[in-house]
Amino acid sequence: MAPQREWFEKDYYDALGVDSTATQKEITSAYRKLARKNHPDANPGDAKAEERFKKISAAYDVIGDESKRAEYDEVRKLAAAGAGPDGFPGGGFGGFSPGGMGADAGDLSDLLGGLFNRGAPGSGGGRRPRPTKGADLITDVYLSFEDAVRGLTTGVQLSTDAPCPDCSGTGAAHGTKPRVCPDCSGRGVTQENQGFFGFSRPCVTCNGSGHIIDNPCLLCRGSGKVREPHEVRIRIPSGVSDGDTIRVGGKGAPSSGGGPPGDLMVRVHVATHPRFTRDGLNLRLTVPISITEAALGTKLRVTTLDGGSVTLRIPEGTASHKTFRVKGRGVETKKATGDLLVTVEVTTPTNLTTDQRALLEQLHAMIPSPREADVKES
Numbered sequence: 281m282a283p284q285r286e287w288f289e290k291d292y293y294d295a296l297g298v299d300s301t302a303t304q305k306e307i308t309s310a311y312r313k314l315a316r317k318n319h320p321d322a323n324p325g326d327a328k329a330e331e332r333f334k335k336i337s338a339a340y341d342v343i344g345d346e347s348k349r350a351e352y353d354e355v356r357k358l359a360a361a362g363a364g365p366d367g368f369p370g371g372g373f374g375g376f377s378p379g380g381m382g383a384d385a386g387d388l389s390d391l392l393g394g395l396f397n398r399g400a401p402g403s404g405g406g407r408r409p410r411p412t413k414g415a416d417l418i419t420d421v422y423l424s425f426e427d428a429v430r431g432l433t434t435g436v437q438l439s440t441d442a443p444c445p446d447c448s449g450t451g452a453a454h455g456t457k458p459r460v461c462p463d464c465s466g467r468g469v470t471q472e473n474q475g476f477f478g479f480s481r482p483c484v485t486c487n488g489s490g491h492i493i494d495n496p497c498l499l500c501r502g503s504g505k506v507r508e509p510h511e512v513r514i515r516i517p518s519g520v521s522d523g524d525t526i527r528v529g530g531k532g533a534p535s536s537g538g539g540p541p542g543d544l545m546v547r548v549h550v551a552t553h554p555r556f557t558r559d560g561l562n563l564r565l566t567v568p569i570s571i572t573e574a575a576l577g578t579k580l581r582v583t584t585l586d587g588g589s590v591t592l593r594i595p596e597g598t599a600s601h602k603t604f605r606v607k608g609r610g611v612e613t614k615k616a617t618g619d620l621l622v623t624v625e626v627t628t629p630t631n632l633t634t635d636q637r638a639l640l641e642q643l644h645a646m647i648p649s650p651r652e653a654d655v656k657e658s
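FYI, in the working numbering the residues of the sequence shown are 281 to 658.
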């Protein structure tokens with residue numbers, strides 16, 4: 281792609297908070313972190329956050345792409361050497377003489393490496409902008425607690441652009457076709473020479489498309505696209521949590537310039553369960569037991585999330601809120617399997633009958649209080 285004028289002035293590495301030697305993975309990680317923090321959806325009504333998000337996105341659009349980043353780095357080298365978007369100081373080489381750098385004009389041309397189109401006016405230089413990836417789409421999926429634990433394949437409804445059926449995507453009315461733009465000869469870009477450099481600019485006559493539509497299609501109004509609803513089947517992995525985002529590659533918006541489609545970002549929402557909760561890959565469950573079961577011990581049958589059951593041996597003298605672990609009965613993923621954590625809660629009897637009260641009073645007299653002897657009851 282042709283370099284942009286702002287590349288001489290803007291430090292995209294600083295915008296993402298990374299060093300110029302950062303790897304593509306580090307750049308992507310920094311962008312995602314900043315994008316989540318400053319996304320308009322996360323900061324409704326915050327104009328400053330929206331502006332930061334735009335700057336972050338603009339920076340990632342350049343240095344997040346290896347080819348664009350290489351071109352940007354070359355431009356920054358020239359800027360550091362004194363070059364600018366309008367040529368070198370003094371309208372020519374000025375203090376930046378090839379001899380002073382130990383290089384001739386041919387060496388400088390090699391340094392530019394195709395970044396700039398040096399053709400003279402009317403030479404026909406310039407290239408159509410490189411196809412770019414389509415936009416990412418965001419959708420939401422709502423799962424039951426059980427489905428989030430087990431995982432499933434489900435469908436989400438989307439509405440994306442598709443080629444107009446009336447004009448087959450040309451944008452021109454039936455029986456007509458687009459004509460080649462006379463200003464850019466179908467290239468979609470025009471050449472602008474400033475000082476030493478020549479810059480490719482999107483053609484303003486055809487908006488960079490390379491063609492002009494005199495009679496637009498009535499259905500798509502010349503865009504060549506219509507909104508079309510469709511279903512995308514996605515696989516929800518087992519163990520997904522509320523708030524997770526799943527990326528489905530290639531299922532986003534199509535590219536307008538012949539590039540690959542964007543990705544689909546699926547935000548996950550998980551309902552609560554009346555009995556179970558999640559603790560990482562572990563499932564937690566609280567079960568009530570009586571005073572006598574806690575004191576004497578018992579066998580406890582517990583129904584698991586999948587409808588099965590396990591039997592726990594509750595030893596005598598079990599205290600309230602003690603937790604028992606059942607190995608391998610938690611959330612199962614490809615990497616690991618959690619456990620079932622059963623916490624017992626000793627309940628105190630109420631509405632005692634006369635006989636029950638009498639028995640408890642006998643026990644009270646026979647069993648010493650756990651409190652220290654010097655603590656008096658009020």
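Cβ coordinates follow ideal geometry from the N, Cα and C atoms, glycine included.
In this text, all values refer to a predicted model and were calculated from it rather than measured experimentally.
Which residues does DSSP pair with residue i in a beta bridge?
| i | result |
| --- | --- |
| N562 | D559 |
| K579 | R593 |
| A452 | P496 |
| H491 | V460 |
| Y422 | H549 |
| A442 | V506 |
| E625 | P568 |
| R515 | T433 |
| S480 | Q471 |
| R527 | M545 |
| F604 | V622 |
| L417 | L544 |
| T617 | E612 |
Between the alpha carbons of residue i and residue j, how many angstroms are there, rounded?
| i | j | result |
| --- | --- | --- |
| V421 | V546 | 7 angstroms |
| P482 | G502 | 19 angstroms |
| C609 | T578 | Before going further, note that residue 609 is Arg rather than Cys in the sequence given. For R609 and T578, the distance between alpha carbons rounds to 21 angstroms. |
| E426 | C461 | 58 angstroms |
| A415 | C464 | 27 angstroms |
| M646 | R637 | 14 angstroms |
| H549 | L563 | 18 angstroms |
| E596 | T633 | 25 angstroms |
| K457 | A442 | 19 angstroms |
| V506 | A453 | 14 angstroms |
| A551 | R558 | 11 angstroms |
| D599 | L639 | The sequence given here has Ala at residue 599, not Asp. Going from the Cα of A599 to the Cα of L639 covers about 21 angstroms. |
| T584 | A574 | 22 angstroms |
| G618 | K607 | 7 angstroms |
| D353 | S347 | 10 angstroms |
| H644 | S424 | 47 angstroms |
| E472 | I493 | 25 angstroms |
| I307 | H553 | 39 angstroms |
| Q642 | N631 | 18 angstroms |
| K305 | A315 | 15 angstroms |
| T572 | D586 | 30 angstroms |
| V355 | G455 | 46 angstroms |
| S480 | T470 | 6 angstroms |
| P648 | L576 | 16 angstroms |
| A322 | E286 | 28 angstroms |
| H601 | P629 | 17 angstroms |
If contacts are defined as beta-carbon pairs under 8 angstroms, then residue i and residue j qualify, I think. What distance do you get, rounded to the angstrom?
| i | j | result |
| --- | --- | --- |
| L544 | T419 | 7 angstroms |
| A310 | G297 | 6 angstroms |
| G542 | L417 | 7 angstroms |
| K413 | G529 | 11 angstroms between Cβ atoms; not a contact. |
| V611 | G519 | 5 angstroms |
| T603 | P534 | Going by Cβ atoms, the distance from T603 to P534 rounds to 52 angstroms, so no, they are not a contact pair. |
| A302 | N318 | That pair is no contact at about 19 angstroms. |
| G451 | G504 | 4 angstroms |
Can you name, in chain order, every residue of its own chain whose Cβ lies under 7 angstroms from the Cβ of residue i, other than the five neighbours on each side?
| i | result |
| --- | --- |
| A295 | K335, I336 and A339 |
| R555 | L565 |
| R593 | K579 |
| S377 | Low local confidence applies: a pLDDT of 36 at S377 is under 50, so the model's placement there is unreliable, with the coordinate-based value given in what follows. Nothing meets the Cβ criterion. |
| L395 | Confidence in L395 is poor, its pLDDT being 45 and thus under 50, which makes the residue's placement unreliable; the coordinate value appears in the next sentence. Cβ neighbours of L395 beyond the five flanking positions: P283, E351, E354 and V355. |
What does a CB cutoff of less than 8 angstroms around residue i pick up in its chain, not counting 5 residues either side in sequence?
| i | result |
| --- | --- |
| A616 | L561 |
| D299 | Y293 |
| G468 | R408, P409, C461, P482, C483, C486, G488, S489 and G490 |
| P517 | G431, I526, T613 and K614 |
| P509 | Q437, L438 and S439 |
| T591 | K579, L580, R581 and V582 |
| G466 | V460, G490 and H491 |
Which same chain residues, not among the five before or five after residue i, have their C-beta less than 6 angstroms away from its C-beta?
| i | result |
| --- | --- |
| I526 | V546 |
| K531 | V512 and L544 |
| R349 | I343 |
| A428 | V520 and V550 |
(request) For the region 287 to 305 and the region 332 to 344, state whether three or more C-beta atom pairs, one from each stretch, are separated by less than 8 angstroms. (result) yes
(message) Does the structure place the region 565 to 576 close enough to the region 614 to 625 that three or more beta carbon pairs sit under 8 angstroms?
(response) yes
(message) Would the region 443 to 462 count as touching the region 492 to 500 if we require 3 or more Cβ pairs under 8 angstroms?
(response) yes
(message) I'd like to know if the region 513 to 531 and the region 433 to 444 are in contact, where contact means that at least 3 CB-CB pairs between them fall below 8 angstroms.
(response) yes
(request) Report yes or no: do the region 341 to 359 and the region 306 to 320 share at least 3 C-beta pairs separated by less than 8 angstroms? (result) yes
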